[in-house]
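Just add 1 to wherever you are in the sequence shown, counting from 1, and you've got this note's numbering.
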Amino acid sequence: MQSSYKLQPTGENKPMKKEQGFSLIELLIVVAIIAIIAAIAVPSMLTARMAANESSAIQGCRTVCSAEMAYAAVNNQNFAPIADLVEQNFLDNRFLNTEGFNGYVYVDDDAAATTFAFEANPVQTGSTGRYNFTVAQDLVVRYGTLAPEEALAGQPIGQSADGVSSDEAPPEG
């Protein structure tokens, strides 16, 4: 007759308990699977966030255009710097934030009252956004320019130099 009792290292005669839980190999496999999923998902998530920041910057440029046009309508067709637009409640104060919002910093040219140019620059190029966006009194949002005075030289969103739709253009927001 076989006994269900095995001799324990302490010398006591007790029944052995069944081990419960995961083995080290099983845990390592689960960790490896999670690491693979993270390696695939994180870059996609960062790219999606960057695209959302760019769409927000485009919309921010359009918001400033609307504020400038509203200001000009009641101020003898003169434009104002962003600080004045905020002070007179044509814009909210996010546009004055020097650290930016939604991954972009917004800057105006402080030029003469008869013109305006406005620029949205990524806080960290390649991380929070890929493009600089500019807009001037022609109300066309352009990308890829480096300064407000170059606003008219940039490409309108969605078009290449020859006026044909571009696959490299950022999405309109």
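All C-beta atoms, glycine included, are put in the ideal place defined by N, C-alpha and C.
What you are looking at is a predicted structure, and each value in this text was computed from that prediction instead of being measured.
In the pairwise beta carbon analysis, the region 40–48 is classified as not touching the region 101–117: fewer than three pairs are separated by under 8 Å. Collapsing the DSSP output to three states places Tyr132 in coil. Assigned with DSSP and collapsed to three states, Ala137 falls in strand.
With fewer than three CB-CB distances shorter than 8 Å, the region 67–83 does not count as touching the region 20–32.
The region 100–111 and the region 51–58 touch, with no fewer than 3 CB-CB distances between them shorter than 8 Å. Boundaries of the beta strand (DSSP E) harbouring Val106: 105–109, taken from the DSSP string. Two segments are said to touch when three or more pairs of C-beta atoms, one from each, lie closer than 8 Å; by this definition the region 85–95 does not touch the region 120–127. Counting the other Cβ atoms within 10 Å of the Cβ of Ala58 gives 16 or more, which makes it buried. Taking the Cα positions, Tyr72 is about 19 Å away from Val142.
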